[in-house]
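In this note's numbering, the protein residues as written are 293 to 429. Quick reminder that beta carbons are idealized off the backbone N, C-alpha and C, glycines included. Please read these numbers as outputs of a predicted model, since none were measured by experiment.
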Amino acid sequence: MLESSLDVTIKDQTIEDLAFFLDEYGPTHAVRAKLEEQGREIRRLRGHVKQLLLLLSGRTPSREWQEEERISTTGEENEQSVAGIMTDLDFFFRKFGSTRAVRLTLENQKHQIVSLKNTLHSYPLQGNRNSVVSSSN
293 MLESSLDVTI KDQTIEDLAF FLDEYGPTHA VRAKLEEQGR EIRRLRGHVK QLLLLLSGRT
353 PSREWQEEER ISTTGEENEQ SVAGIMTDLD FFFRKFGSTR AVRLTLENQK HQIVSLKNTL
413 HSYPLQGNRN SVVSSSN
């Protein structure tokens, strides 16, 4: 079981991080959903930045960069079973090594999104700008 393999310091940190996740996001599966959502947003914004760079260099942007449909996460249950939480914790430890790394990844993703949006909004391109950044707002 996951709990028995953690030392006291990591257990305390994990409990602290779980409390943070519950306060900030609700159930732990919402944390996983937020990680995925922010990852998609970063990929989408990076595509917009690439297209912006193509426009700035005088080249024609490709049509392949069009924004993919967002997966709606509305209607999720707010309650989560202990088994579900343990599954999410196992995922966090396997993918990130610790719950603290998950918190840092979430924060880093937020900063990347802000930075990419700032990059897009810092280049006025008259008429062409709308085609690149219209869906990034």
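Span separating the alpha-carbon of residue i from that of residue j
i: T320; j: I377; result: 6 Å
i: V323; j: I334; result: 16 Å
i: D309; j: S407; result: 26 Å
i: T432; j: A311; result: This structure leaves residue 432 out entirely; the chain is present only between 293 and 429.
i: S349; j: F313; result: 43 Å
i: Q404; j: L327; result: 13 Å
i: R351; j: H340; result: 14 Å
i: K342; j: R332; result: 15 Å
i: G389; j: F383; result: 9 Å
i: N400; j: K303; result: 23 Å
i: V394; j: T411; result: 26 Å
i: I307; j: F385; result: 13 Å
i: G318; j: H413; result: 32 Å
i: E361; j: A325; result: With a pLDDT of 34 at E361, under the threshold of 50, the predicted position of this residue should be treated as unreliable, though the coordinate-derived value follows. Those two C-alpha atoms are separated by around 15 Å.
Exposure label - residue i; buried when at least 16 CB within 10 Å
i: T301; result: exposed
i: V374; result: exposed
i: T391; result: buried
i: D299; result: exposed
i: D315; result: exposed
i: D380; result: buried
Supposed contact pair residue j and residue i - C-beta distance, whole angstroms, cut 8 Å
i: L337; j: K409; result: 6 Å
i: K402; j: Q305; result: Not really, about 21 Å apart at Cβ, beyond 8 Å.
CB contact flag (residue i, residue j, <8 Å)
i: Y415; j: L346; result: no
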